[in-house]
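To keep things clear, I will list the structure first and then write my remarks on it.
Protein chains: 4
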Amino acid sequence: MNQITQHTIQVGELATGQALTIPVFTVGEQGDGPHVYIQANMHGAEVQGNAVIYALLEKLKSVPLAGSITLVPYANPIGCNQKSGEFTLGRFDPITGENWNRLYHDHSHLIAEFVTHFKDEPEETIRREFKKRLIEQTQALIGGPQHRLKTGKRIALHLQHLAHQADFVLDLHTGPVSSKHLYCPEYAQESAKHFDIPHTLLIPNEFDGAMDEACFCPWWQLSDAFAAQGRELSTLVEAFTVELGSQEHIDLKEAEHDANSILSYLTHKEVVLGGGYQPRSITRYACYLKDYVAVYAPMGGMVDYHASLGSHVKAGDSLATMLRLDKYSEGEALQPVPFAQDGIAILHFASASVNQGTELYKLFTNYFEL
Amino acid sequence: MNQITQHTIQVGELATGQALTIPVFTVGEQGDGPHVYIQANMHGAEVQGNAVIYALLEKLKSVPLAGSITLVPYANPIGCNQKSGEFTLGRFDPITGENWNRLYHDHSHLIAEFVTHFKDEPEETIRREFKKRLIEQTQALIGGPQHRLKTGKRIALHLQHLAHQADFVLDLHTGPVSSKHLYCPEYAQESAKHFDIPHTLLIPNEFDGAMDEACFCPWWQLSDAFAAQGRELSTLVEAFTVELGSQEHIDLKEAEHDANSILSYLTHKEVVLGGGYQPRSITRYACYLKDYVAVYAPMGGMVDYHASLGSHVKAGDSLATMLRLDKYSEGEALQPVPFAQDGIAILHFASASVNQGTELYKLFTNYFEL
Amino acid sequence: MNQITQHTIQVGELATGQALTIPVFTVGEQGDGPHVYIQANMHGAEVQGNAVIYALLEKLKSVPLAGSITLVPYANPIGCNQKSGEFTLGRFDPITGENWNRLYHDHSHLIAEFVTHFKDEPEETIRREFKKRLIEQTQALIGGPQHRLKTGKRIALHLQHLAHQADFVLDLHTGPVSSKHLYCPEYAQESAKHFDIPHTLLIPNEFDGAMDEACFCPWWQLSDAFAAQGRELSTLVEAFTVELGSQEHIDLKEAEHDANSILSYLTHKEVVLGGGYQPRSITRYACYLKDYVAVYAPMGGMVDYHASLGSHVKAGDSLATMLRLDKYSEGEALQPVPFAQDGIAILHFASASVNQGTELYKLFTNYFEL
Amino acid sequence: MNQITQHTIQVGELATGQALTIPVFTVGEQGDGPHVYIQANMHGAEVQGNAVIYALLEKLKSVPLAGSITLVPYANPIGCNQKSGEFTLGRFDPITGENWNRLYHDHSHLIAEFVTHFKDEPEETIRREFKKRLIEQTQALIGGPQHRLKTGKRIALHLQHLAHQADFVLDLHTGPVSSKHLYCPEYAQESAKHFDIPHTLLIPNEFDGAMDEACFCPWWQLSDAFAAQGRELSTLVEAFTVELGSQEHIDLKEAEHDANSILSYLTHKEVVLGGGYQPRSITRYACYLKDYVAVYAPMGGMVDYHASLGSHVKAGDSLATMLRLDKYSEGEALQPVPFAQDGIAILHFASASVNQGTELYKLFTNYFEL
């Protein structure tokens with residue numbers, strides 16, 4: 000029986016002085032074993048990760064652990080509580096428009112000097128010392144002059160500070176209306192087979208401000224820098240964005256499946272030592288990020304989305320039909336939206352009403368079995 | 000083969016001068032026969048009515064008609080195009096917060112004088128002359144000083160001007176996540192059996208600014224006023240709000256069913272003379288508006304809605320489970336939301352994230368078979 | 000030197016479980032003397048009242064008091080923190096569109112029975128017992144089943160519960176871009192002369208859901224009900240909405256003037272016993288609510304507002320010029336907005352960009368010196 | 000007397016099928032002379048540029064021109080009409096959060112091959128042919144598959160297509176609450192002296208998606224590329240972002256001053272040949288973009304901004320006072336916001352209500368006279 004501790008961190012303040020806080024749960028001994036970091040709900044409408052964290056907490060109570068796990072639901076206290084009509088408008092800062100998941104800090108400037116100093120050290124030292132630097136540098140930014148930190152950056156840094164302490168990082172998101180899929184750094188492709196997720200996006204070593212990138216890019220760059228010095232170093236940290244399905248939706252049953260999937264990965268990583276968590280036998284498809292294609296609405300209109308999520312679309316198939324009653328008299332009230340390639344429909348827009356140029360669908364192309 | 004004509008009305012202007020226009024379709028001869036008015040999408044996210052109007056237009060091409068039908072999709076050109084994130088924030092004026100469907104004009108002040116003048120006239124004269132007054136009075140407001148008309152009022156008056164020309168009025172809406180249901184004035188209860196809609200709300204003779212009320216209240220009051228004079232007059236106009244299901248959703252297949260349902264009603268009313276449109280044999284439940292009960296979130300939290308829509312709930316059943324991870328350590332992470340009465344779950348909120356006091360569910364209570 | 004105590008009340012919860020709280024300050028002894036209630040910032044963008052409460056607290060430290068004063072800043076913890084772009088979108092519930100200041104409870108149903116029971120009691124008993132009923136009834140609603148209370152109602156009831164304990168109630172608001180003005184019940188016209196506010200709106204005994212009405216309507220109705228019984232009873236409670244100027248603006252200097260103005264009124268009411276707070280010698284204008292006229296934008300466009308606030312407009316004067324570049328080629332790029340009556344410009348819309356039908360200006364007409 | 004022609008371009012469609020159009024004005028002969036492009040209101044709340052375009056049109060009617068000028072008001076028909084409360088929420092796409100002024104296309108990939116082909120051509124050929132490429136490449140993107148263009152990109156490309164035809168480009172913006180200032184590429188510093196604008200930001204050759212950068216970066220890179228080949232080429236196109244003051248505000252009088260300022264610049268550039276437009280004799284300050292410093296709110300609170308815009312702040316001066324009534328009992332209700340350097344206050348946030356981390360002020364530091 001593992002102990003679960005709960006504490007709270009403050010990541011900001013509102014205009015009335017109200018503190019913005021986040022609950023933090025920890026399971027297991029923070030000793031020599033591997034450490035895991037799991038957060039959810041950085042984007043306000045993407046709530047299902049909270050239910051998965053609940054299911055994980057319930058299961059972790061009684062599972063033997065080799066290390067420790069930090070779990071952070073409600074990761075963004077502004078985004079989670081930002082309503083606009085029924086919708087939770089929590090994808091971007093309502094004041095600035097900045098995507099909350101593009102504000103993590105890029106630590107790549109640490110690499111060069113670090114490699115110089117530690118190029119002959121044992122891997123364990125490298126892991127420990129580089130992790131220490133990431134944590135310290137993040138802490139220094141948090142503790143620096145407050146008038147230099149914008150709202151979303153402060154939230155991101157507090158989370159990043161927790162995440163850099165981990166060897167395995169999972170950022171739980173959802174799409175708008177979406178099938179389950181995984182953002183996986185190319186080097187960790189093997190790990191993707193241990194999640195019960197049918198679709199994997201393989202992403203390159205490019206930092207664009209997201210949590211997963213903030214966690215794996217420095218380590219990947221570190222490997223590359225050592226490789227350039229002729230030393231092979233395994234990439235020592237893995238980080239994923241797990242897309243759990245659709246936004247604005249809590250399903251406690253489905254959350255148990257997703258918790259099992261995560262525990263299967265953590266079993267593979269030898270953090271979870273029992274419980275029999277194994278990946279399910281499903282076909283897993285992958286594609287490279289450059290082959291993940293968006294289809295924007297070719298006209299304004301109201302959309303009947305008929306390519307179902309996860310379905311394999313043949314070149315020339317119509318993904319959707321757009322209704323344009325203003326063109327009824329011209330016989331053009333219904334307009335198909337064909338897709339010119341073979342693909343797998345991964346997600347579509349959450350509303351039937353779209354402007355010309357709204358992102359209708361995203362699809363895997365040039366996909367392959369994992 | 001009926002001719003369908005299409006024209007456009009202007010109902011406002013935006014800050015850049017852009018005209019706000021609405022397409023208007025007419026089928027059949029506007030002669031002595033009854034006239035029908037059908038509009039959709041007054042609330043921006045409630046788009047399925049547009050698909051139903053499309054299906055109706057397609058079917059009406061080849062159906063014998065005794066009268067004429069005016070169909071108005073995209074009834075609210077501001078609401079339809081007001082996006083906030085993926086969501087269409089079109090339930091209320093984004094500037095003032097006013098519900099777009101509470102701004103129709105109350106013509107009840109016309110009744111007293113009208114009854115005095117027409118108390119001994121034949122019913123046909125009463126119908127024709129009262130209709131004429133409603134149309135003229137609405138036109139007078141539209142044509143009056145423009146600086147007296149606020150944005151939503153101008154839109155409402157233009158639509159109301161079209162609607163008052165009709166004997167049968169259907170305002171197509173949807174709920175947030177909702178089963179199909181019908182708002183039906185109490186006197187027209189019999190007509191509710193001709194729609195393929197399992198749930199009917201019987202509403203009293205009270206004007207609260209909605210399109211259906213704006214259309215039936217004056218005629219109902221007219222009947223009452225004649226009754227007070229000792230003359231029985233049937234209520235000469237019927238008006239309904241048809242709730243087609245869930246918002247933000249277009250389903251062209253389902254739209255055909257709903258079109259059939261409307262044609263069944265119009266067959267009953269002898270506007271549609273062929274095509275064999277008959278109501279389906281389903282059990283129809285009704286309740287009075289006073290028994291239509293809202294359940295507000297008893298706490299803030301994230302909701303797993305498990306009372307399915309249309310389901311019959313027993314007193315004491317839990318409608319939903321609320322997730323509160325901040326209370327995990329106290330063993331109170333999951334909180335049921337029980338309902339104390341027997342009821343039918345009609346609709347629920349569109350998002351899992353709710354503040355304390357957000358409307359979670361609406362249910363029929365004290366319901367009965369129609 | 001008066002003691003100031005500070006405590007906190009909870010008025011709701013957000014989706015993450017975060018408590019919505021409001022700070023409450025009390026000055027003076029809550030004994031037999033009169034009690035005053037002052038709140039600010041019920042509408043999120045109307046922040047200047049908080050600065051006035053700050054100035055009042057500073058001044059009240061050292062002023063002899065005959066009674067006690069409760070001061071509540073940040074009265075609406077959702078509205079105060081709801082940002083949309085730079086703007087504080089706190090005038091209405093972002094989910095439902097309901098104006099936060101239209102959700103107070105109407106206690107008029109208590110009058111009839113109360114008058115029957117207390118018709119021959121001394122005025123002091125009537126004041127004490129009716130006040131007690133208002134407080135108890137409000138408390139009963141707050142303490143009733145939580146699933147019956149919607150978000151804004153719960154906030155309103157908590158504030159109303161505090162306000163009903165007072166004899167004098169001030170609800171501090173602002174307009175969009177606005178001169179200072181006062182909403183004053185007709186019976187309290189004399190009191191308006193003790194504020195340093197040049198414009199007074201005299202409002203009738205009609206409950207529309209606002210705080211001031213919630214406080215004075217029951218007492219006014221009580222007076223009327225006693226009068227109908229042949230007993231003259233003074234109206235025992237006064238309540239005002241004080242419009243401090245423009246929204247989105249904090250001015251600590253100006254707040255001192257407004258604090259002085261309020262202390263002048265409280266000196267007149269013999270709550271404040273020293274400090275020499277007297278009304279300034281200014282001309283005060285008043286009009287009846289029915290003569291408070293809105294001018295809606297007669298077309299869409301971009302507005303140069305040139306009728307300055309507080310200025311006296313002559314019939315036919317142009318209030319504003321609207322820019323319509325799309326009509327440049329027709330020579331109609333500039334369009335005046337004339338006003339057909341004499342009036343005083345009290346407030347105008349906060350943005351230059353307006354739809355046709357946006358409320359441009361509000362003006363006093365048929366005004367008179369107070 | 001110059002002829003002014005007006006036509007309309009379509010840049011998108013809304014969900015109801017409504018076309019998104021922009022009016023385009025042209026003055027003067029599009030012959031051999033220089034061409035100017037001026038647009039306004041890409042950000043919805045930044046409307047004053049429309050008034051400046053109006054003033055320019057009026058003045059250009061009667062001024063001798065050596066070339067031609069295209070003027071585009073209301074450049075963003077979504078942003079201009081996006082209201083949220085009174086505010087015009089037009090800084091970013093309400094669906095995606097993307098800043099409308101960061102979506103222009105980067106043509107830098109054209110440089111290398113162009114230089115190879117044209118390295119020995121005369122400057123006039125280079126100007127003509129490179130301009131032609133920019134226009135054609137932009138046109139190709141507009142005319143390509145519609146499902147590849149997102150909403151804001153399509154709008155940006157249409158504007159960019161017009162802008163690339165010009166030698167001098169002015170993008171008219173405003174700050175939130177702001178003094179007048181100019182974004183000027185470093186190489187065009189001399190030109191800044193011909194505007195009546197007291198503050199100039201000198202910006203480097205880095206493309207971040209804005210209109211001014213989209214216009215000057217390719218030409219600046221071209222100069223650099225030729226320089227690398229040993230050939231000195233003047234930078235052939237100038238582009239500026241002109242910040243006219245505060246948002247949400249139309250002032251027709253002030254617009255005349257700003258029009259004069261622009262005509263002064265165009266006189267310097269020998270596009271305008273008469274009218275006597277000369278820069279005013281004012282002190283002009285400049286700083287490099289790297290020295291343009293943001294001060295974020297060090298805590299949440301409500302702000303009294305007292306550093307006036309354009310004022311020179313000394314190191315240690317307080318820019319603003321933040322009100323925190325929740326800290327009243329601790330004696331910390333008022334909190335100064337000091338600035339540690341000498342600077343010029345250029346703009347501040349538009350609302351008194353700020354979260355911790357909201358951008359409060361932006362200031363020039365290390366500034367110098369131009």
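Chains as they are written, first to last, in numbering that gives the first Met the number 0: chain A, 0 to 369; chain B, 0 to 369; chain C, 0 to 369; chain D, 0 to 369.
Backbone N, C-alpha and C fix where the C-beta goes; we use that ideal spot for every residue, glycine too.
Keep in mind the model is a prediction, meaning the values are calculated, not measured.
- Every unbroken stretch of the alpha helix (DSSP H) spanning 4 or more residues and falling wholly within the segment 23-78 of chain C is given here in chain order: 47-59.
- Following the DSSP letters along the chain, one finds aspartate 257 (chain B) inside the alpha helix (DSSP H) bounded by residues 251-267.
- Between leucine 359 (chain A) and alanine 314 (chain A), the C-beta gap is not smaller than 9 Å, which leaves the two residues out of contact.
- In the structure shown, threonine 87 (chain A) adopts extended strand secondary structure according to DSSP, grouped into three states.
- Within the segment 113-201 of chain C, complete alpha helix (DSSP H) segments of at least 4 residues are found at 122-142, 150-162, 188-191, given in chain order.
- DSSP places serine 222 (chain D) inside the alpha helix (DSSP H), whose first and last residues are 210-227.
- Between the segment 36-43 of chain C and the segment 106-126 of chain A there are fewer than three C-beta pairs closer than 8 Å, too few to call the two in contact.
- Cβ atoms of glycine 78 (chain D) and glycine 89 (chain D) come within 8 Å of each other, at about 3 Å.
- Looking at the DSSP output, alanine 319 (chain D) shares a beta bridge with D:Tyr304, D:Val336.
- A residue is called buried when at least 16 other Cβ atoms come within 10 angstroms of its Cβ; asparagine 365 (chain B) does not meet this threshold and is exposed.
- Contact annotation: the segment 48-65 of chain C touches the segment 162-177 of chain C, with at least three C-beta pairs closer than 8 Å.
- Note: lysine 82 (chain A) is bridge-paired with A:Thr87 in the DSSP secondary-structure output.
- Here leucine 272 (chain A) is exposed, its C-beta having fewer than 16 other C-beta atoms within 10 Å.
- When 7 Å is used as the limit between beta carbons, asparagine 98 (chain D) is near no residue of chain B, the shortest such separation being about 16 Å.
- Inclusion of valine 46 (chain D) and methionine 301 (chain C) in the CB contact set at 9 Å is warranted, their separation being smaller than that value.
- One finds Met301, Leu322, Leu324 in chain A with Cβ atoms closer than 8 Å to the Cβ of asparagine 49 (chain B), taken in chain order.
- Beta-carbon to beta-carbon, phenylalanine 367 (chain C) and tyrosine 327 (chain D) are separated by about 41 Å, too far to satisfy the 8 Å threshold.
- The beta carbon of alanine 351 (chain A) is closer than 6 Å to those of Met301, Val302 in its chain, skipping five residues each way along the sequence.
- Looking from the CA of cysteine 214 (chain A), the closest CA among A:Gln246, A:Glu85, A:Tyr103, A:Lys82 belongs to A:Tyr103.
- Residue pairing by DSSP places phenylalanine 239 (chain B) opposite B:Leu169 in a beta bridge.
- Three or more beta-carbon pairs drawn from the segment 222-242 of chain C and the segment 179-187 of chain C are found closer than 8 Å, and the two stretches are therefore classed as touching.
- Using a CB distance cut-off of 9 Å, isoleucine 94 (chain B) counts as an interface residue toward chain D.
- Contact between the segment 52-66 of chain A and the segment 16-32 of chain A is present: three or more C-beta pairs spanning the two stretches fall below 8 Å.
- In the structure shown, asparagine 100 (chain A) falls within a helical segment according to DSSP collapsed to helix, strand and coil.
- Excluding residues up to 5 positions away in sequence, Ser178, Ala344 lie with their Cβ nearer than 6 Å to the Cβ of leucine 308 (chain B) in the same chain.
- Using beta-carbon distances, leucine 251 (chain B) counts as an interface residue toward chain A, with a partner under 9 Å.
- Secondary structure note for isoleucine 94 (chain D): it is in no beta strand (DSSP E), with a DSSP letter that is neither H nor E.
- Each residue's CA atom was taken as its position, placing glycine 208 (chain A) and methionine 321 (chain D) some 31 Å apart.
- A check of alpha carbon separations from proline 337 (chain C) across C:Glu329, C:Pro297, C:Leu346, C:Gly356 identifies C:Pro297 as the nearest.
- Taking C-alpha positions only, alanine 65 (chain A) is separated from glutamate 329 (chain B) by approximately 26 Å.
- Listed in chain order, the non-local C-beta contacts of histidine 106 (chain A) below 7 Å within the same chain comprise Leu133, Gln136, Pro217, local neighbours out to five positions each way being set aside.
- Less than 9 Å separates the beta-carbon of proline 76 (chain B) from that of isoleucine 21 (chain B).
- In the DSSP assignment, phenylalanine 348 (chain B) falls outside any beta strand (DSSP E) and carries neither an H nor an E.
- Within the segment 224-252 of chain A, Glu247, His248, Ile249, Asp250, Leu251 place their CB atoms closer than 7 Å to a CB of chain B, listed in sequence order.
- For glycine 309 (chain A), not one C-beta of chain B is nearer than 9 Å to its own C-beta.
- Of the residues assessed, proline 144 (chain C) falls on the exposed side of the cut-off, its CB having fewer than 16 other CB atoms within 10 angstroms.
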